[in-house]
Structure formats: C-alpha cells, structure tokens
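Residue numbers (the working numbering): 63 to 387. Notes for the one structure printed next.
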Amino acid sequence: KLNQLNRLHAIWNPHVYHGWGKTRKYFEGWYYKIVSKDQNNAFAIIPGIAMDENGNKQSFIQVLDGKNHEAIYHKFDADIFIPTPKEHNLSIDNNIFTYDKISLDLPNLKGQLVFKNQHPWSSSFFSPGIMGPYSFVPFMECYHGILSMNHTISGIINHNGIDISFDEGKGYMEKDWGHSFPKAYIWMQSNHFSKPNISIKSSIAIIPWLKSSFIGHIAGILIHDQLIEFTTYNGTKVNSCEITKKNVTIEMENKSYKLNINAYREKATTLAAPISGFMNGRIDESMNAKINVKLFNKKTKQIILEDIGYSAGIEVAGEYKLLVK
C-alpha cells in the first residue's frame with residue numbers, strides 16, 4: 063500500500079523515485095550535466111537502478127567525461143541504492159544525489175556541488191511535467207522528466223587527483239524510468255549561449271503504443287525565465303528532421319512559434335543504456351557539440367532567438383533513420 067501511495071505521489075513529482083515495489087524489468091536513472099564556467103570541464107553523472115526480467119538487480123553511477131571522451135560505469139549492489147519517499151534524495155554507498163546538491167565519493171571523482179536557481183519543466187494537475195497527459199499511461203516503455211533546464215553550480219570536485227572548480231558553472235538535470243530506451247531517438251541539450259539563462263532541450267523518439275507506435279517529440283527553450291514548449295500533446299508538428307554523420311537538423315512549429323535547430327555532431331563516447339530493465343544497451347553521447355537555434359514568434363513575426371549553444375550534449379541512437387522526415 064505504501065508503495066502504491068509513493069508511486070501515485072511520484073506521478074506529479076517526476077524528480078522523485080518511481081520504482082517503489084518494482085522487482086524486475088525496470089530501470090530508473092537521473093542525469094546530471096555539469097559544465098565549468100570556462101567550459102573546459104564537462105561531465106554527465108548518472109546514478110540509477112536496473113532490474114532485469116529475472117529479477118537480477120544492480121545499482122550504478124555512470125560518469126561521462128565529455129572533454130576527454132571517457133565513460134566509467136561504477137556498479138554497486140542494488141541494496142545500497144536508497145531512495146527517499148516523496149522527495150528527491152538518493153544515496154548509493156557514500157554518494158548522495160538531491161535536487162540541490164550532489165556529493166561524490168568514487169575512486170576517481172570526489173567532492174560536493176551545490177545547485178541554485180533551478181528551472182523545472184512546467185507542471186499542472188492534468189499535465190505533470192514533460193510527459194504531459196502520457197504521465198498517466200501505465201504501459202509506456204520509457205518515461206522522461208526534466209528537473210531543471212538550467213541552474214548555477216558552486217563547489218569543487220577532484221577528478222583523478224586534480225581539483226576542478228565548478229563555481230559559476232552551469233547545470234542541467236533530467237531523468238528517465240521504465241524498462242527500455244526507445245528503439246530510435248535523438249536527444250540534444252545546451253545551456254551555453256551568448257546570453258545567460260538560455261537553455262534548449264529537444265528530443266524525437268519512437269514511442270510504442272499498444273500494438274503499434276508513433277513518433278513523439280518534445281522540445282523546450284528557456285529564455286527570459288519563460289519556457290516555450292513544443293510537444294506532441296500541445297499541437298506541435300515536426301516539419302522536417304534530417305540526420306547525417308555531421309548534422310541533425312529539425313524544424314518544429316506550433317500555433318505560436320517555429321523552431322529551427324541545426325546541431326553539429328562531434329566525437330561521441332559510449333554509455334550503457336537500459337534494455338528490458340538491464341544496462342546491456344549502448345548509446346553514444348557527445349558533450350562537445352554545438353546547436354544553432356532560431357526561434358520565431360509567428361504572431362509578432364519576430365525572431366526571438368538566433369544563437370549558438372556550445373558544450374551541447376547530443377545522442378543519436380538506435381534505428382534513427384526511422385525518425386527522418
């Protein structure tokens with residue numbers, strides 16, 4: 063009963079743990095992107111839990127060093143993965159992950175970072191977070207939450223014996239839960255534009271639906287503390303999507319805005335990804351990419367944003383040709 067109450071509470075609070083009572087074919091992972099002020103250091107730190115179809119479990123902390131193109135998968139026993147009901151507070155061994163801070167005690171990565179001025183995705187009773195009404199559908203393959211489009215960082219972490227200051231750095235936070243990543247998707251994110259407090263996130267994916275599937279899309283641009291949303295459920299259409307070895311170009315529009323994205327792919331690093339709950343899949347992520355963004359207000363006929371985002375994260379995964387339009 064407690065598990066059911068905790069799971070119900072989690073629907074409206076994407077940041078908290080959703081897997082109460084789950085014992086097989088399930089994963090949940092949080093994604094913390096941290097970039098230093100000078101952009102010379104960029105890491106993705108991904109704590110989580112994975113359970114396969116037979117009930118074998120493991121917890122993990124995956125660390126992607128975006129500038130050195132290295133990824134390390136730290137595996138732990140599942141029973142030291144300790145989430146807190148109804149709040150985002152997770153410990154794995156001596157590592158602690160919350161909404162406001164992370165504390166790391168890994169062989170090659172130690173220290174504490176504090177986050178301030180987070181910008182979460184909008185939420186309402188009928189549309190809790192980025193999944194919108196799909197949050198209520200119990201059989202989705204993968205659920206997604208954006209915990210903060212942009213925030214400031216303070217603190218130092220020691221990487222391979224060298225202290226790195228993240229004071230005045232920038233962060234981004236999201237998470238996924240379910241049993242498998244989509245069989246094809248593209249994902250990108252940057253909050254390093256020429257002006258502060260601008261952030262973009264965009265993804266397009268194959269979403270299984272009953273016995274068939276559809277292509278779902280989500281994009282958001284944070285600008286002047288306003289989040290402009292492009293989603294499957296708010297009437298946004300993808301006009302075009304092209305993927306080459308060097309570029310990903312997307313055009314989306316809804317009744318108010320048109321968004322043009324041209325992302326330049328860079329060398330990627332391989333990460334573990336979930337298939338049927340276990341981390342047996344592989345995806346490639348770059349953290350050195352750049353994204354050209356043009357945002358047009360159709361009502362005022364004005365360009366609101368034309369800029370390039372640096373230190374961008376990009377993943378192009380699976381049978382991505384299915385997404386080309």
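Note that beta-carbon positions come from the ideal geometry of N, C-alpha and C, so glycine has one too.
(message) Beta-carbon within less than 6 Å of Met349's beta-carbon, same chain only, minus the 5 sequence neighbours each way: which residues are those?
(response) Numbered from its first residue, the sequence shown carries residue 349 at position 287. Cβ neighbours of Met349 beyond the five flanking positions: Ala104, Gly128, Gly375.
(request) Would you mind giving the Cβ-Cβ distance between Ile268 and Ser275, rounded to the nearest angstrom? I have them listed as a contact below 8 Å. (result) Residue numbering aside, residue 268 sits at position 206 when the sequence shown is read from its first letter. Residue numbering aside, residue 275 sits at position 213 when the sequence shown is read from its first letter. Right, the Cβ-Cβ distance comes to about 5 Å (below 8 Å), so this counts as a contact.
(request) Please name the residue, chosen from Tyr382, Trp271, Leu175, Gly191, that lies closest to Ile218 on a Cα-to-Cα basis. (result) As a first step, residue 218 is located in the sequence shown; it is residue number 156 there, counting from the start. When only C-alpha atoms are compared, the closest one is Leu175.
(request) Go ahead and pull the three-state DSSP assignment for Asp114. (result) Taking the sequence shown and counting its residues from 1, one reaches residue 114 at position 52. The answer is coil: DSSP assigns Asp114 none of H, G, I, E or B.
(request) Measure the Cβ-Cβ separation of Phe159 and Pro200 and say whether it is below 8 Å. (result) Walking along the sequence shown from the start, residue 159 turns up at place 97. Walking along the sequence shown from the start, residue 200 turns up at place 138. Cβ distance not < 8 Å, so Phe159 and Pro200 don't count as in contact.
(request) Have a look at the DSSP bridge pairing and note the partners of Thr160. (result) By one-based count along the sequence shown, residue 160 stands at place 98. Beta-bridge partners of Thr160 (DSSP): Asn151.
(request) Output the residue ranges of the beta strand (DSSP E) runs that lie fully inside the stretch 166-226 and measure 3 residues or longer, sorted by chain position. (result) If one requires a minimum length of 3 residues, the beta strand (DSSP E) runs lying completely within the stretch 166-226 are 171-178, 204-221, in chain order.
(request) Would you decide whether Asp225 is buried or exposed? Buried here means 16 or more other CB atoms lie within 10 Å of its CB. (result) Taking the sequence shown and counting its residues from 1, one reaches residue 225 at position 163. Exposed is the call here.
(message) Just to confirm, is the Cβ distance from Pro190 to Ile73 under 8 Å?
(response) Residue mapping note: residue 190 aligns to position 128 of the sequence shown, counting from 1. Residue mapping note: residue 73 aligns to position 11 of the sequence shown, counting from 1. A contact, by the Cβ cut-off of 8 Å.
(request) Could you tell me how far apart the beta carbons of Asn222 and Asn170 are, in whole angstroms, since I believe they sit closer than 8 Å? (result) Taking the sequence shown and counting its residues from 1, the one referred to as residue 222 is at position 160. Taking the sequence shown and counting its residues from 1, the one referred to as residue 170 is at position 108. Their Cβ separation, rounded to whole angstroms, is 5 Å, which keeps Asn222 and Asn170 in contact under 8 Å.
(request) Using a Cβ cut-off of 8 Å (strictly closer), state whether Ile312 contacts chain D. (result) Looking at the structure shown, chain D is missing, and only one protein chain is on hand.
(request) Give the DSSP bridge partners of Asp127, in chain order. (result) Here residue 127 is taken as the residue at index 65 of the sequence shown, counted from 1. Beta-bridge pairing links Asp127 to Phe105, Glu132.
(request) Could you tell me if the beta carbon of Asn322 falls within a distance shorter than 7 Å of some heavy atom in the ligand GDP? (result) In the structure shown, the ligand GDP is absent, as is every other ligand, since no ligand is present at all.
(request) Compute the distance between the beta-carbons of Gly282 and Lys263, then report whether it is under 8 Å. (result) Position 220 of the sequence shown, counted from the first residue, corresponds to residue 282. Position 201 of the sequence shown, counted from the first residue, corresponds to residue 263. For Gly282 and Lys263, yes; Cβs fall inside 8 Å.
(request) Following the continuous beta strand (DSSP E) through Ala246, name the residue where it begins and the one where it ends. (result) For the purposes of this step, residue 246 is taken as the residue at position 184 of the sequence shown. Taken as a continuous stretch (DSSP letters only), the beta strand (DSSP E) holding Ala246 covers 246-252.
(request) Could you tell me the boundaries of the alpha helix (DSSP H) in which Ile73 lies? (result) The residue you call residue 73 lines up with position 11 of the sequence shown. Residues 64-73.
(request) Kindly indicate which residue of Glu328, Ala379, Ile345, Ser302 has the alpha-carbon position closest to the one of Lys308. (result) Locating residue 308 in the sequence shown gives position 246, counting from the first residue. Cα-wise, what sits closest to Lys308 is Glu328.
(request) Taking only the alpha-carbon atoms, compute the straight-line gap between His241 and Gly339 and give it to the nearest angstrom. (result) The residue given as residue 241 occupies position 179 in the sequence shown. The residue given as residue 339 occupies position 277 in the sequence shown. Each residue's alpha carbon lies about 5 Å from the other.
(request) Starting from Ala281, trace the beta strand (DSSP E) both ways and give me its first and last residue. (result) Position 219 of the sequence shown, counted from the first residue, corresponds to residue 281. Ala281 -> beta strand (DSSP E) spans 274-285.
(request) Report all residues from its chain with a CB closer than 7 Å to the CB of Lys245; omit the five preceding and five following residues, and keep chain order. (result) As a first step, residue 245 must be located in the sequence shown, where it is residue number 183. The answer, listed in chain order, is Ile268, Gly380, Glu381.
(message) If the criterion is Cβ atoms closer than 8 Å, does the pair Leu347 and Ile248 meet it?
(response) Sequence index remark: in the sequence shown, residue 347 carries index 285 (1-based). Sequence index remark: in the sequence shown, residue 248 carries index 186 (1-based). Note that residue 347 corresponds to Glu in the displayed sequence, not to Leu. No, they are not a contact pair.
(request) Run the CB neighbour count on Tyr88, radius 10 Å, all protein chains shown included, and call it buried at 16 or more, exposed below. (result) The residue you call residue 88 lines up with position 26 of the sequence shown. Classification for Tyr88: buried.
(request) Below 8 Å on the Cβ atoms is my guess for Ala334 versus Tyr135; work out the distance and round it to an integer in Å. (result) Here the question's residue 334 lines up with position 272 in the sequence shown. Here the question's residue 135 lines up with position 73 in the sequence shown. Indeed, because the Cβ distance is near 5 Å, the residues count as touching under 8 Å.
(request) Give me the Cα-Cα distance between Ser121 and Met113, rounded to the nearest whole angstrom. (result) Here the question's residue 121 lines up with position 59 in the sequence shown. Here the question's residue 113 lines up with position 51 in the sequence shown. Spanning the two alpha carbons is a distance of roughly 9 Å.
(message) For Phe358, list the residues DSSP reports as bridge partners.
(response) For the purposes of this step, residue 358 is identified with residue 296 of the sequence shown, where counting begins at 1. For Phe358, which the question treats as bridged, DSSP gives the partners Lys320, Ile365.
(message) According to DSSP, Ile96 sits in a beta bridge with which residue or residues?
(response) Within the sequence shown, residue 96 is the residue found at index 34, counting from 1. Answer is Phe105, Gly233.
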